[in-house]
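The block underneath contains the structure these notes are about, expressed in structure tokens.
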Amino acid sequence: MILDGYGKYSIIGGNRLYGELSISGAKNSAVAVIAAAMTVNGLCHIDNMPQVRDVEILLQILQQLGAEIDVIGDGDYMIDCRNIDPDAAIDQELYGQLRASYYVLGALLGRFGHARVAMPGGCDFGTRPIDYHIKGFEALGAEVDIGGGWIDANAVDGLRGTRILLDYPSVGATINIILAAIYAEGLTIIENAAMEPHIVDFANCLNAMGAEVRGAGTNSIRIYGVNELRGGSYTIVPDQIEAGTYIALVAGTGGDVIVRDVIPRHLVCITSKLSEMGVEIEDLGDAVRVRREGRPIRRANVMTGPYPGFPTDMQPQVATLLTLARGTSFVTETVWDSRFQYVDQLQRMGAKITTDARTAVIEGVGRLKAASIAATDLRSGAAMVIAGLCADGTTLLDNIWHIERGYGNIIAKLGEIGADITRVVDAPRNLIELRTHRESVA
Ligand code: EPZ
């Protein structure tokens, strides 16, 4: 079941965590893979789809376009986009609920030569332009108009392969341009392409369906236009950021946890920084063991960057850990203009942090104190869960709908390793408890 994000989490901090938990399929792969399915004139069997709201919303958009979606089992879907209608009316509000809705533009443009979608939403990190996407579509031969909250793309004379140099290795632009180029005439080359694991996963999925996408995982991706994608089966890779979040969480609380169903090589950009901070991390092949018993967290400097750099989507979680460290740490955000909104929340818990536009200076305070706080976006919400579990007392965390956009079954997963986290919902006079972690793992 996908939770609907109502209510708050009540988090009792202080427990060390022990046991095992499993990581779900990658959210940022899943949304690209769902868009890939839109380009296929056949059946797509997609497994290991994470049970999160962003996936559910994108699937709703597909259904409104006329796709048939069968749920075969947990995370196991059959998607049939043979009869989708690019001109079907979609609730504008659905597009605004997630960032990845912009992939609908690339997918429909690539398959039908025209598309109209509403401007995407997603986490608020300051300006989030889509000019690289638009320039890529135009280079392929489309005309793009933006107005009234809508984006229209038309390729009256069809799309033709070309060489596109991205100003920055944008994940979204790389994926969107690939989607548009699948059926383009000839060869499209994207230079300075993003190299994140989900780019590789998305390309592998397209290739399993019959596309010819080569070089994903390097900064130069070649797309040879094909006439048809026939469908097929694909299993989404484990979520690098979900795994990193749980690893960081155990690093914060202390304990000994095996995080299963991961690809350790995707995690090196995160685990190497945590090792530097004194956390023991052991590669078990398809799992990692995380231990921190007794030893304090060491200060560190962190600078985010495109893969294989330190992921911006782990910045709030690791910055939260650094509030517990000895000494002063510097966290520099280079990907997004504004990704420190969560700092106010940590300050409510006693953290000592000052920020300018790009850098947070964190003076470790050893322990945090529980407070009433709120998630300000998806990953900062996860960071606040970490803060709550590491704090003295009971933290009430509001705006949890942000968290449930990207973390499936979070209460059950945390309950399995002994965290004390409960969902509560505001009622007129009191707080009603809906489920405890013990019930949710039963
Ligand atoms: C993806 O966003 C992820 N979202 C984000 O994860 C992640 O933070 C980001 O990549 C960076 O890794 C999905 O995959 C759905 P970008 P995306 O295009 O594709 C600038 C999460 O928490 N830029 O790589 O939107 C942009 O402003 C989410 O799961 C332009 O200037 O990110 C930013 O500074 C949050 N013009 C930089 O590039 C453009 O046309 C990187 O953005 C596009 C981007």
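Residue numbers (our numbering): 8 to 449.
Ideal placement from N, C-alpha and C gives every residue a C-beta, glycine not left out.
Inset, instruction - In the DSSP assignment, find the beta strand (DSSP E) that holds residue 336 and state where it starts and stops. - result: It spans 335-339 - the beta strand (DSSP E) in which residue 336 sits, taken as one unbroken run.
Legend entry - According to DSSP, residues forming a beta bridge with residue 250: The partner list for residue 250 (beta bridge, DSSP) is empty, contrary to what the question assumes.
Inset, instruction - Note down, one range per segment and in chain order, each beta strand (DSSP E) of at least 3 residues found wholly within the segment 303-391. - result: Listed in chain order, the complete beta strand (DSSP E) runs (minimum 3 residues) inside the segment 303-391 are 308-310, 335-339, 359-362, 366-370 and 379-381.
Legend entry - Heavy atom of the ligand EPZ within 8 Å of residue 228 beta-carbon: Outside the cutoff, so no.
Inset, instruction - Compute the Euclidean distance between the alpha carbons of residue 70 and residue 375, then round it to the nearest angstrom. - result: Their Cα atoms are separated by approximately 45 Å.
Inset, instruction - With a threshold of 8 Å, establish whether the CB of residue 199 neighbours any heavy atom of the ligand EPZ. - result: Residue 199 Cβ: outside cutoff for every heavy atom of the ligand EPZ.
Legend entry - Cβ-based neighbour list, residue 108, same chain, cut-off 6 Å, excluding 5 preceding and 5 following: Only 102 and 127 meet the Cβ criterion.
Inset, instruction - Using only alpha-carbon positions, find the residue among 189, 192, 213 and 94 that is nearest to residue 36. - result: Minimum Cα-Cα distance from residue 36 among the listed residues 189, 192, 213 and 94 corresponds to 213.
Legend entry - Option in 324, 243 and 319 with minimal Cα separation from residue 210: Checked all of 324, 243 and 319; the closest Cα to residue 210 is 243.
Legend entry - Proximity winner among 422, 358 and 364, relative to residue 372 (alpha-carbon distances): Among 422, 358 and 364, the Cα nearest to that of residue 372 belongs to 358.
Inset, instruction - Given a cut-off of 9 Å, decide if residue 377 and residue 405 are closer than it, judged by their beta-carbon atoms. - result: Not a contact, by the Cβ cut-off of 9 Å.
Inset, instruction - In the DSSP assignment, find the unbroken alpha helix (DSSP H) run with residue 292 in it and report its ends. - result: Boundaries for residue 292: no alpha helix (DSSP H) harbours it, and the DSSP string shows neither H nor E there.
Legend entry - Exposure of residue 86, with buried meaning 16 or more beta-carbon neighbours within 10 Å: The residue in question, residue 86, is buried, as its Cβ has 16 or more Cβ neighbours within 10 Å.
Legend entry - Contact under 9 Å by Cβ, residue 112 with residue 144: Taking 9 Å as the Cβ cut-off, residue 112 and residue 144 qualify as a contacting pair.
Inset, instruction - Verify whether the separation of the beta carbon atoms of residue 260 and residue 426 is less than 9 Å. - result: Residue 426 is positioned such that its CB atom lies closer than 9 Å to that of residue 260.
Inset, instruction - May I ask whether a heavy atom of the ligand EPZ can be found less than 8 Å away from the beta carbon of residue 103? - result: Relative to the ligand EPZ, residue 103 has its C-beta separated by 8 Å or more from all heavy atoms.
Inset, instruction - Please find out if some non-hydrogen atom of the ligand EPZ comes closer than 8 Å to the beta-carbon of residue 35. - result: Within the cutoff, so yes.
Inset, instruction - State the Cα-Cα distance for the pair residue 276 and residue 27, rounded to the nearest angstrom. - result: Approximately 22 Å, taken between the alpha carbons.
Legend entry - Given 8 Å, three or more beta-carbon pairs between the segment 222-233 and the segment 265-276: Contact between the segment 222-233 and the segment 265-276 is absent, because fewer than three Cβ pairs lie under 8 Å.
Legend entry - Inter-stretch contact at 8 Å, needing at least 3 Cβ pairs: the segment 37-57 / the segment 279-299: No, the segment 37-57 does not touch the segment 279-299.
Inset, instruction - Pick out whichever of 203, 191 and 181 has its Cα sitting closest to the Cα of residue 163. - result: Proximity to residue 163 across 203, 191 and 181 peaks at 191, based on C-alpha coordinates.
Legend entry - N- and C-terminal bounds of the alpha helix (DSSP H) containing residue 116: Judged by DSSP secondary structure, residue 116 falls within the alpha helix (DSSP H) whose first and last residues are 110-119.
Inset, instruction - Under 6 Å Cβ to Cβ from residue 156, same chain only, skipping five residues before and after it: list those, please. - result: Taken in chain order, the residues that qualify are 125 and 126.
Inset, instruction - Determine the burial state of residue 13: buried for a count of at least 16 other Cβ atoms within 10 Å of its Cβ, exposed for fewer. - result: Exposed, since its Cβ has fewer than 16 Cβ neighbours within 10 Å.
Legend entry - Touching by the beta-carbon criterion (3+ pairs, under 8 Å), the segment 47-59 and the segment 292-302: Touching, no, given that fewer than three Cβ pairs across the two stretches are closer than 8 Å.
Legend entry - residue 364 classed as buried or exposed, judged by whether at least 16 other C-beta atoms fall within 10 angstroms: So residue 364 ends up on the exposed side.
Inset, instruction - Using 8 Å as the cut-off, classify the Cβ of residue 81 as near or not near the heavy atoms of the ligand EPZ, replying yes or no. - result: Taking non-hydrogen atoms of the ligand EPZ into account, the C-beta of residue 81 is found less than 8 Å away from none of them.
Inset, instruction - Starting from residue 139, trace the beta strand (DSSP E) both ways and give me its first and last residue. - result: Careful: residue 139 lies outside any beta strand (DSSP E), inside the alpha helix (DSSP H) at 138-146.
Legend entry - Distance cut-off 8 Å: residue 253 Cβ against heavy atoms of the ligand EPZ: Remark: the C-beta of residue 253 is outside contact range of the ligand EPZ, defined as less than 8 Å to any heavy atom.
Inset, instruction - Tell me whether the beta-carbon of residue 246 lies closer than 9 Å to the beta-carbon of residue 34. - result: With contacts defined as CB atoms closer than 9 Å, residue 246 and residue 34 qualify as a contacting pair.
Legend entry - C-alpha distance - residue 446 paired with residue 309, whole-angstrom precision: The pLDDT assigned to residue 446 is 38, lower than 50, so where the model puts this residue is not dependable; a value taken from the coordinates is nonetheless given after this. Each residue's alpha carbon lies about 38 Å from the other.
Inset, instruction - To the nearest angstrom, report how far apart residue 316 and residue 137 are at their CA atoms. - result: Near 22 Å, if we compare the C-alpha coordinates of residue 137 and residue 316.
Legend entry - Closest Cα partner of residue 388 within the set 345, 320 and 423: Selection 345, 320 and 423 evaluated against residue 388 yields 320 as nearest (Cα-Cα).
Legend entry - Where the alpha helix (DSSP H) containing residue 102 begins and where it ends: According to the DSSP assignment, residue 102 belongs to the alpha helix (DSSP H) that extends over 99-102.
Inset, instruction - Look at the alpha carbon of residue 75 and the alpha carbon of residue 346, and state the distance between them as a whole number of angstroms. - result: Near 37 Å, if we compare the C-alpha coordinates of residue 346 and residue 75.
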